[in-house]
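>
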Ligand code: AMP
Ligand code: MG
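In the working numbering, the protein residues as written are 59 to 606.
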């Protein structure tokens, strides 16, 4: 958008269609309560002491046509900190429920998120703007409605990083330090401490979650359930006719597809959400609610960043596709009153399974630079690689990025492709050298593993040579699927440590570099390096609690 068309946030047109079209809470006072037959409660943010804008996503702002609030635009800053509600805004907290860690948890709702409203942002479309950490709402239960700087900074950075990685996600426009402290028990050891409070302004076409539908089904509020499903269709799935007798089945198919694609992307980039409760699942298939998430360092399907889940590891990296399916099945159950046809629901479940399998296979092929993984040999190459990657500590991101530079053009052309002898054997050492930067402890690579790598790299070389794609072209394609830069856990922690001291340059540098995660940036090599040893067991770098 041209700078001439940019508007101040405070000048945007605002509406709240949930408020206009749906029944809201008749109780206007702000206290924790159970509600019924409504979809939201009107509530305003609670003012903060001395707000300071410390993070701004220029990329999102220019996409939305919004100017960065500077000293001549204090009004917009007040809006972003929850200190001011514009006359056209009707802020609210939404009602939703959810399954947490496999169990129905009843009413949850926006306990610390408040939607300011929706705005039509030129050609980019309509977006909902939501403040996270803006104070208590009727859904706060035992919480204070606030968020700390460390978790807000992580949500701010990661939302934007995921977008630039091509992973469907909600976005983050701003990060504001509130000037108030918040008490948090970081280690859940009975020693709460004051921490700086912060507010993220999140932006999404919609923040509707699986849980919005689950609570209505659980409470038997079927007519509201139907209206909300119709609202979702009209707003986001114009290809579905609302009066189509199969409209709700088609809606579930779309949610199945977008959820499966989102999870396939998570697997591709090595992202672990950490708290895949159904209240944290968007009905648009967007990554939502960045909490104790993490990024794979060494490839380990068992890994979870979430200390609260350390024992059962329900939300471990390798379990994410199955958990998204489990969550989607809960959504299907909620739609039963509208569809009343188990076979139809099973078809939507099948859509999830097929979409995930197809997307995952395509992405795996892209990561490996193979034309497809559907052939049995290629499938075996992929499976064997993932087995081998687990055999020693190997950095997932660095391994695949290094693989993009494997050269096969120079192979003797007159050799039969089936000739696996000498030359390939010799090249396996070269292969190991190429990927060596990915190994956390190369000394553990004994003769047996070396042999396995030799055999794998020869089969792989043979296979990509058979595809016949020139190195330069294959490398380009692979690099578009294998990021060089991801928000490594320790990098986010470094940004937090600096921000705690009032230095936001580390965060700003990450925000800049993570905007082009697939490029080789010569001056930013340090951000693409393996996790340093010091970070192995440091809280925030290795594991996170839910405290936020
Ligand atoms: P989460 O695990 O962050 O997705 O949160 C689960 C539920 O707890 C949601 O309903 C949140 O709104 C609520 N919640 C989390 N933290 C707080 C807080 N500090 N104050 C109020 N509600 C919260
Ligand atoms: Mg949540």
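Here a beta-carbon is modelled for each residue, glycine too, at the ideal position from N, C-alpha and C. This structure is a prediction, so every number in the text was calculated from the model and none was measured.
1) Taking C-alpha atoms, which residue in 87, 486 and 163 lies nearest to residue 155?
2) So, is residue 335 buried or exposed, given that buried needs 16 or more other C-beta atoms within 10 angstroms?
3) Tell me, to the nearest whole angstrom, how far the beta carbon of residue 217 is from that of residue 229; I am working on the premise that it is less than 8 Å.
4) Work out the CA separation of residue 407 and residue 311 for me, nearest whole Å.
5) Would you mind reading off the limits of the alpha helix (DSSP H) that contains residue 256?
6) Report buried or exposed for residue 280, applying the criterion of at least 16 other Cβ atoms within 10 angstroms of its Cβ.
7) With residue 439 and residue 389 assumed to form a contact (beta carbons below 8 Å), what rounded beta-carbon distance in angstroms separates them?
8) As a quick check of your reading: which residues have a C-beta less than 5 Å from at least one non-hydrogen atom of the ligand MG, in chain order?
9) Check whether the stretch 283–302 touches the stretch 251–260, counting contact only when three or more Cβ pairs, one atom from each stretch, lie closer than 8 Å.
10) Would you check if the distance between the CB atom of residue 220 and the CB atom of residue 175 is smaller than 8 Å?
11) Using DSSP with H/G/I as helix, E/B as strand and the rest coil, what is residue 96?
12) Roughly how many angstroms separate the alpha carbons of residue 532 and residue 115, rounded to a whole number?
13) Give the single residue among 393, 558, 374 and 455 whose Cα lies nearest to the Cα of residue 601.
14) Mind checking residue 165: buried by the 16 CB within 10 Å criterion, or exposed?
15) Using 8 Å for Cβ pairs, my map puts residue 232 next to residue 72. What's the rounded Cβ distance?
16) Go ahead and label residue 69 buried or exposed: buried means 16 or more other beta carbons lie within 10 angstroms of its beta carbon, across all protein chains shown.
17) Verify whether the separation of the beta carbon atoms of residue 446 and residue 510 is less than 8 Å.
18) Kindly identify the DSSP beta-bridge partner or partners of residue 273.
19) Determine which residues share a DSSP beta bridge with residue 353 and list them.
20) Could you tell me the boundaries of the beta strand (DSSP E) in which residue 232 lies?
21) With 16 as the cutoff for other CB atoms within 10 Å, does residue 270 come out buried or exposed?
22) Report the rounded CA-to-CA distance for residue 328 versus residue 543, giving the unit in angstroms.
23) Which of the three DSSP states is assigned to residue 453 in this structure?
24) Quick test of the definition: if touching needs 3 or more C-beta pairs under 8 Å, does the stretch 110–128 touch the stretch 557–570?
25) Can you tell me whether DSSP reads residue 414 as helix, strand or coil?
26) According to the neighbour-count rule (16 or more other Cβ atoms, all chains shown, within 10 Å of its Cβ), is residue 86 buried or exposed?
27) Following the continuous beta strand (DSSP E) through residue 161, name the residue where it begins and the one where it ends.
28) If you run the structure through DSSP and keep just helix, strand and coil, what is residue 563?
29) Among the residues of its own chain, which have a CB less than 8 Å from the CB of residue 541, if the five just before and after it don't count?
30) Tell me the DSSP secondary structure of residue 482 in three-state form.
31) Any idea which residues DSSP pairs residue 206 with across the strands?
32) If you measure from the CB of residue 275, is any heavy atom of the ligand AMP nearer than 7 Å?
33) Looking at residue 171 and the ligand AMP, is the gap between the Cβ and the nearest heavy atom below 7 Å?
34) Please report the Cβ distance between residue 265 and residue 396, rounded to the nearest whole angstrom; I am assuming they are in contact, meaning their Cβ atoms lie under 8 Å.
35) Taking 8 Å as the threshold, find out whether the stretch 166–173 comes into contact with the stretch 515–523 through three or more Cβ pairs.
36) If I measure Cβ to Cβ from residue 499 and keep anything under 6 Å in the same chain, skipping five residues before and after, which residues do I get?
On the basis of the supplied data:
1) 163
2) buried
3) 5 Å
4) 8 Å
5) Note, residue 256: premise wrong, no alpha helix (DSSP H); beta strand (DSSP E) at 251–262.
6) exposed
7) With a Cβ gap of about 35 Å, residue 439 and residue 389 do not count as contacting.
8) 338 and 347
9) no
10) no
11) coil
12) 33 Å
13) 374
14) buried
15) The pair is not a contact, with the Cβ atoms about 16 Å apart (cut-off 8 Å).
16) exposed
17) yes
18) In DSSP, residue 273 forms no bridge with anything.
19) 329
20) 229–242
21) buried
22) 11 Å
23) strand
24) yes
25) helix
26) exposed
27) 161–165
28) helix
29) 223, 327, 455, 459, 575 and 576
30) Low confidence applies to residue 482: its pLDDT is 47, below 50, so where it sits in the model is not reliable enough to give any reading.
31) 255
32) no
33) yes
34) Not really, about 21 Å apart at Cβ, beyond 8 Å.
35) no
36) 451
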